[in-house]
Each structure stands twice: as structure tokens, then as C-alpha cells.
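A.B. asks: Below are the C-alpha cells for one structure; questions will follow.
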């Protein structure tokens with residue numbers, strides 16, 4: 155018997171946040187607004203960036219956003235992050251969003267590349283610790 159678990163797509167990175175898609179976040183078709191998903195992704199990326207920067211961060215860019223399928227109301231939404239590059243003050247973070255529906259099906263719904271910068275208390279960029 156062949157084990158096909160290696161062929162099944164899985165999330166990349168670490169679970170940063172998880173929530174449930176609620177009716178107030180949906181459009182007239184009953185699907186979740188893309189902007190709500192982007193907001194969740196930004197929060198997930200910020201969790202990872204703050205941990206690495208050990209303090210305040212700001213989102214400066216979102217690149218390569220791709221929506222793969224709609225998110226239904228009630229789906230468990232999980233945002234996974236992977237720190238991909240660290241500059242002097244910036245961090246590139248891949249954010250993937252996966253959903254689990256009541257059927258138990260796990261599906262990737264979107265991904266994006268976010269750039270964060272570490273900032274000090276006055277809002278100016280600062281060095282990201284390199285450890």
C-alpha cells in the first residue's frame with residue numbers, strides 16, 4: 155500500500171492566528187469579504203514580525219496576493235506565516251490562509267507576501283535583531 159500523505163498539500167510555516175468566519179464579515183453571496191481576509195493576514199504577519207523585531211512594526215507592502223477560492227461563513231480560518239527574509243529594518247513574510255469547513259476538508263484559500271519594518275516609539279525605522 156502506498157502512503158499518499160506526502161502528496162497532500164499542507165500549510166507552510168507556523169500557525170499565527172485562527173478564527174471563525176462570521177456572518178458580519180460576508181458579502182451578499184454569503185462569502186467572506188476579501189478585505190476581511192487581508193486584515194487577518196496582516197494581523198498574522200504582524201504577530202511574526204513583532205516577535206522577530208521584539209517590538210513595534212508597520213506593514214509597508216503587500217505583494218503577490220492571490221485568492222484561490224471563496225471562504226464560506228462558519229469556516230475555521232487559519233493564517234500561517236513564514237519569515238522569508240530579513241533586511242536591516244525590514245522583514246519579508248509569506249502568509250498563507252487555509253480553511254477547515256464542517257466537513258473537515260482543509261483548503262488553501264489565499265496567500266500573500268507582506269513586508270514589515272521595525273519601528274521605534276517615534277515611528278522611525280530601527281534595526282531588526284539578527285539573532
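In this note's numbering, the protein residues as written are 155 to 285.
The beta-carbon is built from N, C-alpha and C at its ideal position, and this holds for glycine as well.
Everything numeric in this text was worked out from a predicted model, so none of it was measured.
#1: How many whole angstroms separate the CB atoms of residue 230 and residue 253, which I take to be in contact at a CB cut-off of 8 Å?
#2: Between the Cα of residue 162 and the Cα atoms of 275, 260, 281, which residue gives the shortest distance?
#3: In three-state DSSP terms, what is residue 190?
#4: Does DSSP put residue 226 in a helix, a strand or coil?
#5: Pick out whichever of 247, 203, 217, 226 has its Cα sitting closest to the Cα of residue 286.
#6: Nearest to residue 266 by alpha carbon, out of 248, 276, 257, 273?
#7: Compare the beta carbon distance of residue 200 and residue 211 with 9 Å and say whether it is the shorter of the two.
#8: How about residue 165 and residue 232: are their beta carbons less than 9 Å apart?
#9: Mind checking whether residue 215 and residue 279 have CB atoms under 9 Å apart?
#10: Within the continuous beta strand (DSSP E) that includes residue 246, where are the two ends?
#11: Measuring straight from C-alpha to C-alpha, what distance separates residue 167 and residue 182?
#12: Run through DSSP, which three-state label would residue 202 get?
C.D. replies: This is what the structure holds:
#1: 6 Å
#2: 260
#3: helix
#4: Here residue 226 sits in strand by DSSP.
#5: Any question about residue 286 goes unanswered here, given that the chain covers just 155 to 285.
#6: 248
#7: yes
#8: Residue 165 is a Cβ neighbour of residue 232, given a cutoff of 9 Å.
#9: no
#10: 244 to 254
#11: Taking the straight line joining both Cα atoms gives about 33 Å.
#12: helix
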